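Take -5 as the starting number for the sequence shown in the numbering used here and just add one per residue.
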Amino acid sequence: MSISIRICTSYEEMSELAAIELYSVVLNKPAAVLGLATGSTPIGTYEALIRLQEMHPLNLKELRTVNLDEYLGLPGDHPQSYRYFMDTNLFRSMGLSTEQTFVPNGLAENPEAEGLAYDARIDAMGGIDLQILGLGHNGHIAFNEPCEDFPKHTHPVDLQENTIQANARFFDSMDEVPRRALTMGIGSIFKARRILLLVNGAAKANILKEALEGPVTPMVPASILQLHPNVLVLCDKEAGSLLSQEA
Ligand code: GLP
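Below, the structure is given as structure tokens:
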């Protein structure tokens, strides 16, 4: 297995290490393409990256970023949209413009076509140098929910009930929680040259073990990472508590 696992003493340590990974990619390749994620997990990473950039500024003019997913039906200025999340948690503080930061368009009239165009854009940029991933409670990565086959391309998806419920904490009422999203496919994610999976908290211990040590199956979408040649898992000790070994 080509997954490296580092169990960190705390969420803060995990976040610092993840930020250093992102920072090093840009240090070595100013025109890098970073694949970014939303959710509560990477917030500490983005805070640490902003601190690093303030202390030792890199030229970010050539950097481009691509995000994993977006809710369908939410405009980019909606406070719960992933575009808004990225603007407020990272892009503004780093001085990154909308021209260099890509998030799937949640208002696309034809989400299928938008998905294919999104993949084509990533290919045209030369592919993703480092992709950050979080882990859903049901094993999803981005919004690739458990299903029969690993989806290849960026595509529209119906969110599953447990995902809708997990997302509800960010909305005022259940009715407002989007039911659909546009997400990079497993194939789109898999093309990244390096992947960094971030997982924290005891509630993710079971699913992390299943993803890393169970069978590779689309019923646990993150299990596909076992087959990727360059994956680093950074988790805190609570999330890593059931893993049989640190690789
Ligand atoms: C959402 C996002 C995923 C993210 C997951 C976990 O479903 N689409 O990309 O990994 O949430 O979120 P959290 O980090 O808040 O547990």
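For each residue, glycine too, the CB sits at the ideal point set by N, CA and C. Keep in mind that this is a model prediction, so the values were computed, not measured.
Across the structure, G181 and D166 are spaced so that their CA atoms are roughly 34 Å apart.
Taking one beta carbon from each stretch, the stretch 39 to 55 and the stretch 144 to 160 have fewer than 3 pairs nearer than 8 Å; the two do not touch.
Contact between the stretch 77 to 90 and the stretch 198 to 206 is absent, with fewer than three C-beta pairs closer than 8 Å. Less than 8 Å separates the beta-carbon of I122 from that of K185.
Excluding sequence positions up to five before and after M119, its CB lies within less than 7 Å of the CB of V27, R58, all in the same chain and listed in chain order. For L190 and L226, the gap between their C-alpha atoms comes out near 5 Å. Going by DSSP, D230 is part of the beta strand (DSSP E) stretching over 225 to 230.
In the three-state scheme derived from DSSP, where H, G and I count as helix and E and B as strand, R173 is classed as coil.
Collapsing the DSSP output to three states places G29 in a strand. With a threshold of 7 Å, the Cβ atom of T32 counts as near the ligand GLP, since some heavy atom of the ligand is closer than that. Straight across, the Cα-Cα distance linking L66 with K55 is about 30 Å.
Remark: C-beta atoms of S(-4) and P209 do not approach each other more closely than 8 Å. Inclusion of F144 and P215 in the CB contact set at 8 Å is warranted, their separation being smaller than that value. Taking non-hydrogen atoms of the ligand GLP into account, the C-beta of T35 is found less than 7 Å away from one of them. Remark: the shortest separation between the CB of H134 and any heavy atom of the ligand GLP falls under 7 Å. Across the structure, I116 and K231 are spaced so that their CA atoms are roughly 34 Å apart. Taking G234 as the centre and dropping the five residues before and after it, the same chain places the C-beta of I1 closer than 6 Å to its C-beta, in chain order.
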